[in-house]
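Here's the structure, in structure tokens; my notes come after.
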Ligand SMILES: [Zn+2]
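This is the structure:
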């Protein structure tokens, strides 16, 4: 068979067969946007011709990482909301309310570029500026599962922390209508797809939430929603429905396989198991939740019942990076520390949670997540000559996977390919000018900061106070 590209004399992690699928002396052939053949170098070179041959010595080839929950639209607020309680209401909102479409777009471009540089090929991106998200995922060349934020929060009246949010039903309907417009567009590339994105159970009415579930059924798509996150949601649910979130979702018929729930930090172990048994997926964001809430999401309880789980980097205002190497390491570490045991979440398992299992969690398991013939060629190469991966030991015990999880930082990623096309090659972005995106982010951030009410910040922000004391 005539192929477009063969990467040969390399090592692969295919992520097949329940482990990491390590193959030495390996080659991988690509035809169009798909993986055509995977196997032994000698055999593949003997049986196939290709337009391009790429020697893969000292490289490790593996599936691209999957960020199952990210808000690229708020990336310009990186580092403005950590180390405080009330992350969203006190930390984020004074700044995020000033973000306009242009600023969200500048953040999206910056954040996607950061993700790609660190080996992410698929982003489940959640945000209010769907148009900007489509534009930049398209332009940069990433695979994206996009959700337009749908909520009924009334932006005209001030939200007072601790009081029940007033709902604006028209706002929710408008958000939903915008989401549907994009889902129904036919001219988008195959790699751009959509989930419906109700923001959180406390941020829209039950009526609208039920409507969204019905639509997800009709459109054969999923629901991407923050669930049982933080004291804020807990308090709102108690005030509005006199109930905890997960039992309430179950009672209303909203706990099922349509749902990909994010966080679950307020869930009891029994509630987590209830959600897992319902067939719903779970995405945990270890870095973000560690920094903004000081909690470890209940991944272990979930995995005792079901295997539909994934990892996400969440957001830059308080994570403060969007790097799946960071998420793999933190997820492994936090769960070990929480249990005072080195056994939970070993390296191979978190690597699976960031690749093949994430793909399954997002309903894309037949398309991406492993180096399997017939799947899309979404892959990355890792430079094994980097100091922190050296020496590579292959016998009598391999150290590749543990070092990938506990020592790699993302800068070891040399190439990134999505659907057979390099979008990052030898350490440089291929489809966009990095300098331009950085410049655009700087100027948009400066413009937004001009609008922030500094007087109010001085009165209410613990971070502003810390700055005054010389701590920032
Ligand atoms: Zn989120």
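Numbering (the working numbering), first residue to last: 18 to 489. Note that CB positions come from ideal geometry on N, CA and C, so glycine has one too.
If you look at residue 28, you'll find it in the beta strand (DSSP E) that goes 19-30.
Straight through space, the alpha carbons of residue 168 and residue 185 are spaced by roughly 9 Å.
In this structure, DSSP gives residue 120 a helical state, which the three-state scheme calls helix. In this structure, residue 331 has its beta carbon less than 7 Å from a heavy atom of ligand 1.
Contact check for residue 146 and residue 214: beta-carbon distance about 12 Å, past the 8 Å limit, so the pair fails to qualify.
For residue 63, the secondary structure class from DSSP, reduced to helix, strand or coil, is helix.
Taken in chain order, the unbroken stretches of beta strand (DSSP E) that lie wholly in the stretch 261-285 and span 3 residues or more are 276-280. The beta carbon of residue 427 lies closer than 8 Å to those of 134, 135, 136, 340, 341, 342, 343 in the same chain, with the five residues before and after it left out. The DSSP-derived three-state label of residue 443 is coil.
Here the alpha carbons of residue 74 and residue 447 stand approximately 22 Å from one another. The C-alpha of residue 94 is placed about 23 Å away from the C-alpha of residue 282. For residue 54, the uninterrupted beta strand (DSSP E) run begins and ends at 51-57, by DSSP. DSSP places residue 240 inside the beta strand (DSSP E), whose first and last residues are 240-244. Judged by DSSP secondary structure, residue 258 falls within the alpha helix (DSSP H) whose first and last residues are 247-258.
For residue 79, the secondary structure class from DSSP, reduced to helix, strand or coil, is strand.
Exclusion of residue 112 from the 7 Å shell around ligand 1 follows from its C-beta lying no nearer than that to any non-hydrogen atom of the ligand. The beta carbons of residue 219 and residue 254 sit closer together than 8 Å. Nearest to residue 247 by C-alpha distance, out of 268, 130, 217, is 217. Distances from the CA of residue 208 to each of 140, 267, 370 were compared; the closest alpha carbon is that of 140.
The straight-line gap separating the alpha-carbon atoms of residue 195 and residue 394 is approximately 31 Å. No Cβ-Cβ contact shorter than 8 Å links residue 480 with residue 52. Two segments are said to touch when three or more pairs of C-beta atoms, one from each, lie closer than 8 Å; by this definition the stretch 347-362 touches the stretch 296-304. The beta carbon of residue 143 sits closer than 7 Å to at least one heavy atom of ligand 1. Per DSSP, residue 436 lies in no beta strand (DSSP E) and is assigned neither H nor E. Taking C-beta separations shorter than 6 Å and ignoring five residues to either side along the sequence, the partners of residue 161 in its chain run 140, 142, 154, 209, following chain order. A straight-line Cα-Cα distance of about 52 Å links residue 26 and residue 262. Per DSSP, residue 366 is one residue of the alpha helix (DSSP H) stretching across 364-370. Per DSSP, residue 89 lies in no alpha helix (DSSP H) segment and is marked neither H nor E.
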